[in-house]
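Undergrad: To start, I am sharing the structure in question, which I have written as structure tokens.
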Amino acid sequence: MQPVSTSLKLRPCPFLENLQTSLYLSIWIKVLRLVVEETRSSPSTNDGYLKVANNRDSSPASGVVVENKDDSVPGIPPRVKHIKKLYGSQSPLQLGGDKYDYENIYGDDPMYEELKPNARVWKVYNDEMDKLDNDRVEDWRDGLDALLILGALFSAVLTTFVVETYSRLDFDWAEVSANLLAESVALQRAAMAGIPVGEVPASPLTPSLNFHAKPLDVALNALWFLDLVMSLGAALSAVVAKQWIHQYIAIPTGTPQERARIRHFRFLGLEKWHMSLIIGLLPMCIHLSMALFLMGLLLLLHESNLVIAVIVDVLAFTIMSLYLVSNLLPVWFLDCPYQTPLTSLMFHLF
0 MQPVSTSLKL RPCPFLENLQ TSLYLSIWIK VLRLVVEETR SSPSTNDGYL
50 KVANNRDSSP ASGVVVENKD DSVPGIPPRV KHIKKLYGSQ SPLQLGGDKY
100 DYENIYGDDP MYEELKPNAR VWKVYNDEMD KLDNDRVEDW RDGLDALLIL
150 GALFSAVLTT FVVETYSRLD FDWAEVSANL LAESVALQRA AMAGIPVGEV
200 PASPLTPSLN FHAKPLDVAL NALWFLDLVM SLGAALSAVV AKQWIHQYIA
250 IPTGTPQERA RIRHFRFLGL EKWHMSLIIG LLPMCIHLSM ALFLMGLLLL
300 LHESNLVIAV IVDVLAFTIM SLYLVSNLLP VWFLDCPYQT PLTSLMFHLF
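Under numbering that gives the first Met the number 0, think of the first position of the sequence shown as 0, with each following residue one higher.
Printed below as a string of structure tokens:
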């Protein structure tokens, strides 16, 4: 009788082998992640960072101010304090301490207090609205200041022309006096020569004559008085618009939540009453006034001298054509940068 062997041969289980392989892979992935994170966090001397001393070094070309307080360890990257924005930007861009890094500025809110009156969300909203409003308001103020200066200069120039042409709407007493003086001299000569007084021609202009202004003089004065009123109205509107801006930008009081609600309420009113569009269209009054002034100037020159009138006609037509083309080009070419508030209105017409 042969002895029975107690050793059993176990078959390999595919499921266990796959499980073991998956465990090995997950372990290796975790090890690789730790190595990568350690490599990123550890400084390297070949990172391409600038090596600076303890004092600050300012670069005039880029506006970068760099500071490194630990110069004994060459691998520590320098801390960039700030980089001034170029091309007329308002606030400096800060790296390594960005003033818009709200998580570090305000910190986390306690649990279940994320919408309290002093929560971080309201402070962040107020800061963002400050930046948005400051940029918008500065653009408005720059445009209104330029409008005030241009309106004042244009009104001063136009007033000199109006004073000169307004006298055409009434008797020219200097011309009346000259005609009466010429008639008096003619009468004296006729008396000395023995010529009858009835044969001396009477003066065409007398104080008792009913005066009627020429249609050209009436049209000229109508155009220029209309220009003067429009330019002064544009200047007055610019002053009123600056007062609107002052009221809009005024900082409200209260908790951050109350300030956020007040600012949002003002912003909704700004959009509802189209304040931005109105301020943008105010320069159109000055533009229209200049066009009417050129028309009146051409009428005056055509009466005085035809050669000068033709030269000014060509120049005025060129200027007005360039103005109209520059406003119409963005309607057909969306990448054209010659956009004004008038262009925005033309989008709805074409």
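Every residue, glycine too, gets a C-beta built ideally from N, C-alpha and C.
Please confirm if the stretch 257-267 is in contact with the stretch 116-129, defined as three or more CB-CB distances below 8 Å between the two stretches.
TA: The answer is yes - the stretch 116-129 touches the stretch 257-267, with three or more Cβ pairs under 8 Å.
Undergrad: Could you compute how far the alpha carbon of residue 249 sits from the alpha carbon of residue 316?
TA: Here residue 249 corresponds to residue number 250 of the sequence shown, with the count starting at 1. Here residue 316 corresponds to residue number 317 of the sequence shown, with the count starting at 1. Distance between the alpha carbons of residue 249 and residue 316: 45 Å.
Undergrad: In this structure, does DSSP put residue 342 in helix, strand or coil?
TA: Translated into the one-based positions of the sequence shown, residue 342 becomes position 343. Shown here, residue 342 sits in a helix according to DSSP, grouped into three states.
Undergrad: Within the same chain, show all residues whose beta-carbon is closer than 7 Å to that of residue 288, passing over the 5 residues directly before and after it, in chain order.
TA: For this step, residue 288 is matched to residue 289 along the sequence shown. Only 153, 226, 229, 230 meet the Cβ criterion.
Undergrad: Assign residue 284 to buried or exposed, taking buried as 16 or more other Cβ atoms, counted over all protein chains shown, within 10 Å of its Cβ.
TA: Within the sequence shown, numbered from 1, the residue matching residue 284 stands at position 285. With 16 or more Cβ atoms within 10 Å of its Cβ, residue 284 is classed as buried.
Undergrad: If we count Cβ pairs, one from each stretch, closer than 8 Å, do we get three or more for the stretch 137-153 versus the stretch 233-253?
TA: yes
Undergrad: Please say whether residue 282 and residue 146 have beta carbons closer to each other than 7 Å?
TA: Along the sequence shown, one-based indexing puts residue 146 at 147. Along the sequence shown, one-based indexing puts residue 282 at 283. It is a contact, given that the beta carbons lie within the stated cut-off.
Undergrad: By Cβ distance below 7 Å, which residues in the same chain neighbour residue 319 in space, the five residues on each side in sequence not counted?
TA: Mapped onto the sequence shown, residue 319 falls at position 320. Taken in chain order, the residues that qualify are 290.
Undergrad: I need the straight-line Cα distance from residue 217 to residue 293, nearest angstrom please.
TA: Within the sequence shown, residue 217 is the residue found at index 218, counting from 1. Within the sequence shown, residue 293 is the residue found at index 294, counting from 1. Their backbone Cα atoms lie some 16 Å apart in a straight line.
Undergrad: Short of 7 Å in beta carbon distance, which residues of its chain neighbour residue 185, apart from the five on each side in sequence? Order them along the chain.
TA: Counted from its first residue, the sequence shown places residue 185 at position 186. Answer for residue 185: 199, listed in chain order.
Undergrad: Since I believe residue 296 is in contact with residue 306 (beta carbons under 8 Å), could you give me their beta-carbon distance rounded to a whole number of angstroms?
TA: For the purposes of this step, residue 306 is identified with residue 307 of the sequence shown, where counting begins at 1. For the purposes of this step, residue 296 is identified with residue 297 of the sequence shown, where counting begins at 1. No, residue 306 and residue 296 are not in contact; Cβ-Cβ is about 15 Å, not under 8 Å.
Undergrad: Name the two residues that bound the continuous alpha helix (DSSP H) containing residue 106.
TA: Counted from its first residue, the sequence shown places residue 106 at position 107. Taken as a continuous stretch (DSSP letters only), residue 106 belongs to no alpha helix (DSSP H), as it is neither H nor E.
Undergrad: Give the straight-line distance between the Cα atoms of residue 108 and residue 253, rounded to the nearest whole angstrom.
TA: Walking along the sequence shown from the start, residue 108 turns up at place 109. Walking along the sequence shown from the start, residue 253 turns up at place 254. Their backbone Cα atoms lie some 19 Å apart in a straight line.
Undergrad: On the CB-based measure, 16 or more other CB atoms within 10 Å of its CB, does residue 77 come out buried or exposed?
TA: Mapped onto the sequence shown, residue 77 falls at position 78. Bear in mind that the predicted position of residue 77 carries a pLDDT of just 46, short of 50, making it too unreliable to give a figure here.
Undergrad: Considering only the beta carbon of each residue, do residue 324 and residue 345 sit closer than 7 Å?
TA: For the purposes of this step, residue 324 is identified with residue 325 of the sequence shown, where counting begins at 1. For the purposes of this step, residue 345 is identified with residue 346 of the sequence shown, where counting begins at 1. Against a cut-off of 7 Å, the Cβ pair of residue 345 and residue 324 comes out as no contact.
Undergrad: Do the CB positions of residue 168 and residue 298 come within less than 7 Å of each other?
TA: Position 169 of the sequence shown, counted from the first residue, corresponds to residue 168. Position 299 of the sequence shown, counted from the first residue, corresponds to residue 298. In this structure, residue 298 does not lie closer than 7 Å to residue 168 by Cβ.
Undergrad: Hey, residue 340 and residue 280: beta-carbon distance below 7 Å or not?
TA: One-based indexing of the sequence shown puts residue 340 at position 341. One-based indexing of the sequence shown puts residue 280 at position 281. Closer than 7 Å, so yes.
Undergrad: Checking 7 Å against the spacing of the C-beta atoms, do residue 139 and residue 277 come in under that value?
TA: To locate residue 139, count along the sequence shown from 1; it is residue 140. To locate residue 277, count along the sequence shown from 1; it is residue 278. Cβ atoms of residue 139 and residue 277: not closer than 7 Å.
Undergrad: Can you tell me whether DSSP reads residue 334 as helix, strand or coil?
TA: Residue numbering aside, residue 334 sits at position 335 when the sequence shown is read from its first letter. Of the three classes helix, strand and coil, the one that applies to residue 334 here is coil, per DSSP.
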